[in-house]
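Taking this note's numbering, the leading residue of the sequence shown gets 1032, the next gets one more, and so forth.
C-beta atoms are modelled at their ideal positions from N, C-alpha and C, and glycine is treated no differently.
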Amino acid sequence: MGHRGRLVALAYPVYFELLASVAAGIINMVWVARLGPAAVAAVAVATNVENLLLGVVLMAGSGTTVLVARARGAGDPAAVRAAVRGGAALCALLVPPVAAGGFLLREPLAGLLLGDAGTAGLAAGYFAVSLPGMAVFFAGHVVDGVLKGAGDTRTPMRLAFLSNGLILVLDPLLIGAYGIAGAAVATVAGRGVALAVGLYVLRRNALVRAAAAVPPAEGLPAALRRTAATGFPMAVDFAVRMAGTLVLVVIVARLGVVEVAAYGIATKAMYVATMAFYAVCQAAAIHTAHLRGTTEVPPARAQSRAWGSDGRRTVGREVLLLGGGLGATAAVLLLLVAGPVMRAFGAAPEVAAAGALYLRCLGPYLVLMAASIGLTGVFQGSGGTHVLARVTVAGVLVQLPLAYALSGPAGLGLPGICLGMALAMGGQCAALTALHRRAVRAADQEPSSVLSRAG
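If you want it as structure tokens, here you go:
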């Protein structure tokens, strides 16, 4: 199977896994909406906190994926075992402050995020279950990370279907009995069952079983540090993107209530496309890390030449083509069906019109975003993650003032937001492409060089 076929085979299960989570979140909100606006606001804020915490667990989950994939490529079961142990240890280190600290601080946190005392009380009730439940959420991400690193993206997809299917069944029962706390219980229960099944599958995985039969390649403290060092830049990249998105909401709010509502609905519709981009990113990270691991297989020089400049160039090109193609397809589809999509969410006519205009203007941004996000996966898998945080920070720092200037002072409104996003993303895409080409040239000169030297 060629590079493109392997990327597609890895990416499509990840896409459906991500899409299942988005769909479950939307349906969850539909059930909570029956409890009134205060309940909707409380759960919306609480789930945003969970999204931010996703950046924390990415350090363990993504770091584990890359290290397991690299060890698999090297055919080194001792390194596989060390990577699994490092991910589990880092997860165990991250869980207590989030779960216990979050439970103890649930009321101050809810009060800080929600000014209204009644709504804050509802959010605190949700936090009382959801924040301790982060232990299950974090452990599930690490299990998924091991499986993906082993080249199995279908099992995490099936686990996501299982978890979200249980949530959809339990939501109406538990929300009716316990209010919004029931929504949190349903979520934790669904994830708990998926985690149990995932651990069972993991014990039967051939790569993990072979690794369990040999001593680890390094001690637990060293494995933990390696996982943290590999995953930390990815977590920072995600956190910066999330922070930029939150600030962008504030900028849009200056335009008016209609624009805020349109932007909020349109962003949810856009998730259907952007999840595909992130699926390509994960596939690129897994495939690249596996190929990068082959440089450690004797004879090292011959293997690294095979994955040297030619391999880097080919994988980067295939990722750009695949991501760009998905972005262009999404842009055309939104151009054609933006109006019906907005109306399908039940938006008022003026909100639907503003949202449809926004979606139609997103085309250039989507193409550039798809290419850029896909290429970040190559850097993640090859060890060049420290580059990503710098590029992302620079992109966000450019995007926000551009969006502010083009939407407000320039008088372009929501299309100005799209233009600012596209210009900033174009800069990020150009920077990553230049860094990738630099790594290819370095590989021409020194077969054992790695993409991390691009930074």
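**Asked** Is it true that the stretch 1401-1416 meets the stretch 1350-1360, where meeting means three or more beta-carbon pairs spaced less than 8 Å apart?
**Response** yes
**Prompt:** So what's residue 1557 in DSSP terms, helix, strand or just coil?
**Reply:** The structure shown does not extend to residue 1557, since the chain spans only 1032 to 1486, so no value can be given for it.
**Request:** Identify, in the order they occur along the chain, each residue of the same chain with its Cβ nearer than 7 Å to the Cβ of residue 1243, setting aside the five sequence neighbours on each side.
**Result:** 1112
**Message:** Residues in the same chain with beta-carbon distance under 7 Å from residue 1330, minus the five sequence neighbours each way, listed in chain order, please.
**Reply:** Here residue 1330 scores only 44 on pLDDT, less than 50, and its place in the model should not be relied on; the value that follows carries that caveat. Here the set comprises nothing.
**Request:** Please work out which residues of its chain come closer than 6 Å, Cβ to Cβ, to residue 1037, disregarding the five sequence neighbours upstream and downstream, and give them in chain order.
**Result:** 1318
**Asked** Who are the Cβ neighbours of residue 1096 in its own chain at under 7 Å, not counting the five residues just before and after it?
**Response** 1176, 1179, 1180, 1316, 1317
**Asked** What residues in its chain sit with their C-beta under 6 Å from that of residue 1092, if we drop five residues either side in the sequence?
**Response** 1172, 1173, 1176
**Message:** Quick check: what's the CA-CA separation for residue 1054 versus residue 1109?
**Reply:** 39 Å
**Request:** Go ahead and label residue 1059 buried or exposed: buried means 16 or more other beta carbons lie within 10 angstroms of its beta carbon, across all protein chains shown.
**Result:** buried
**Request:** Please report the Cβ distance between residue 1170 and residue 1226, rounded to the nearest whole angstrom; I am assuming they are in contact, meaning their Cβ atoms lie under 8 Å.
**Result:** 6 Å
**Request:** Return the residue from the list 1069, 1194, 1217, 1192 that minimises the CA-CA distance to residue 1202.
**Result:** 1217
**Request:** Give the straight-line distance between the Cα atoms of residue 1373 and residue 1455, rounded to the nearest whole angstrom.
**Result:** 26 Å
**Message:** Mapping the DSSP letters down to three states, classify residue 1241 as helix, strand or coil.
**Reply:** helix
**Asked** Pick from 1150, 1452, 1442, 1193: whose alpha carbon is nearest that of residue 1425?
**Response** 1452
**Prompt:** Where does the unbroken alpha helix (DSSP H) through residue 1381 begin, and where does it stop?
**Reply:** 1380-1391
**Request:** Flag this pair as touching only if the stretch 1071-1086 and the stretch 1142-1154 have three or more C-beta atom pairs under 8 Å; answer yes or no.
**Result:** yes
**Request:** Using the Cα positions of residue 1195 and residue 1049, report the straight-line distance between them to the nearest angstrom.
**Result:** 11 Å
**Item:** Local Cβ density within 10 Å of residue 1442, reported as buried at 16 or more and exposed below that
**Value:** exposed
**Prompt:** When the Cα of residue 1223 is compared with those of 1285, 1293, 1160, 1418, which residue comes out closest?
**Reply:** 1160
**Message:** Restricting to Cα atoms, I'd like to know which of 1119, 1457, 1358, 1397 is closest to residue 1167.
**Reply:** 1119
**Prompt:** Do residue 1308 and residue 1191 come within 9 Å of each other at the CB atom, strictly closer than that value?
**Reply:** no
**Request:** Measure from the alpha carbon of residue 1063 to the alpha carbon of each residue in 1215, 1042, 1088, 1087, then state which is nearest.
**Result:** 1215
**Prompt:** How long is the line joining the alpha carbons of residue 1182 and residue 1204, rounded to whole angstroms?
**Reply:** 37 Å
**Prompt:** Should the stretch 1408-1423 be regarded as contacting the stretch 1377-1390, the criterion being three or more beta carbon pairs within less than 8 Å?
**Reply:** no
**Item:** Range covered by the alpha helix (DSSP H) that runs through residue 1407
**Value:** 1394-1413
**Asked** In this structure, does DSSP put residue 1184 in helix, strand or coil?
**Response** coil
**Message:** Between residue 1074 and the ligand GDP, is there a pair consisting of the residue's CB and a ligand heavy atom that are separated by less than 8 Å?
**Reply:** Ligands displayed in this structure: none; no statement on the ligand GDP is therefore possible.
**Request:** Please name the residue, chosen from 1099, 1438, 1051, that lies closest to residue 1291 on a Cα-to-Cα basis.
**Result:** 1438
**Prompt:** Would DSSP call residue 1079 helix, strand or coil?
**Reply:** helix
**Asked** Between residue 1355 and residue 1398, is the Cβ-Cβ spacing less than 9 Å?
**Response** yes
**Prompt:** To the nearest angstrom, how far is it from the Cα of residue 1162 to the Cα of residue 1471?
**Reply:** 44 Å
**Message:** Out of 1103, 1115, 1236, which one is the CA nearest neighbour of residue 1185?
**Reply:** 1236
**Asked** Who are the Cβ neighbours of residue 1396 in its own chain at under 8 Å, not counting the five residues just before and after it?
**Response** 1449, 1452, 1453, 1456
**Request:** For residue 1107, count neighbouring C-beta atoms within 10 Å of its own C-beta (all shown protein chains included) and say buried if the count is 16 or more, exposed if not.
**Result:** buried
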